[in-house]
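**Student:**
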Amino acid sequence: ETEAEPETALTEAELLDIPPSPLYSATLAEIFEKQGFEGKAIQIYEEVVRRDPDRRDLRDRITDLRARLAESA
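Basically this note's numbering = 1-based index in the sequence shown + 246.
Rendered as structure tokens:
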């Protein structure tokens, strides 16, 4: 007889409600972006840029994502 494993996967709502963290990275933002969570990706990119203002590439990515969201609205 095997014991049931506790549910460890985060729900979509829990993922989108993760507060800003020093662990935020461009890679995490890319993952959210690829999964279709552009708003969360923007939030993470903005946090990374706040900590590292010289990341022009991420500033450009934020602009692109905002434009994509505006087009789909």
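In this text, a Cβ means the ideal position worked out from N, Cα and C, and glycines have one as well. Keep in mind the model is a prediction, meaning the values are calculated, not measured.
Put serine 318 into one of helix, strand or coil per three-state DSSP.
**Tutor:** The residue you call residue 318 lines up with position 72 of the sequence shown. The answer is helix: DSSP assigns serine 318 an H, G or I state.
**Student:** Hey, quick one: how far does the alpha helix (DSSP H) through phenylalanine 278 stretch, first residue to last?
**Tutor:** Here residue 278 refers to the residue found at position 32 when the sequence shown is read from its first residue. Segment 272–280, the alpha helix (DSSP H) holding phenylalanine 278.
**Student:** What does a CB cutoff of less than 7 Å around arginine 314 pick up in its chain, not counting 5 residues either side in sequence?
**Tutor:** Counting from one through the sequence shown, the residue named residue 314 turns up at place 68. Excluding sequence neighbours, arginine 314 sits near Glu284.
**Student:** Just how far apart, CA to CA, sit leucine 269 and alanine 319?
**Tutor:** Start at 1 with the first residue of the sequence shown, and residue 269 comes out as number 23. Start at 1 with the first residue of the sequence shown, and residue 319 comes out as number 73. Going by the C-alpha atoms only, they are around 30 Å apart.
**Student:** If contacts are defined as beta-carbon pairs under 8 Å, then phenylalanine 278 and alanine 287 qualify, I think. What distance do you get, rounded to the angstrom?
**Tutor:** Residue 278 sits at position 32 when you count from the first residue of the sequence shown. Residue 287 sits at position 41 when you count from the first residue of the sequence shown. Confirmed, about 4 Å.
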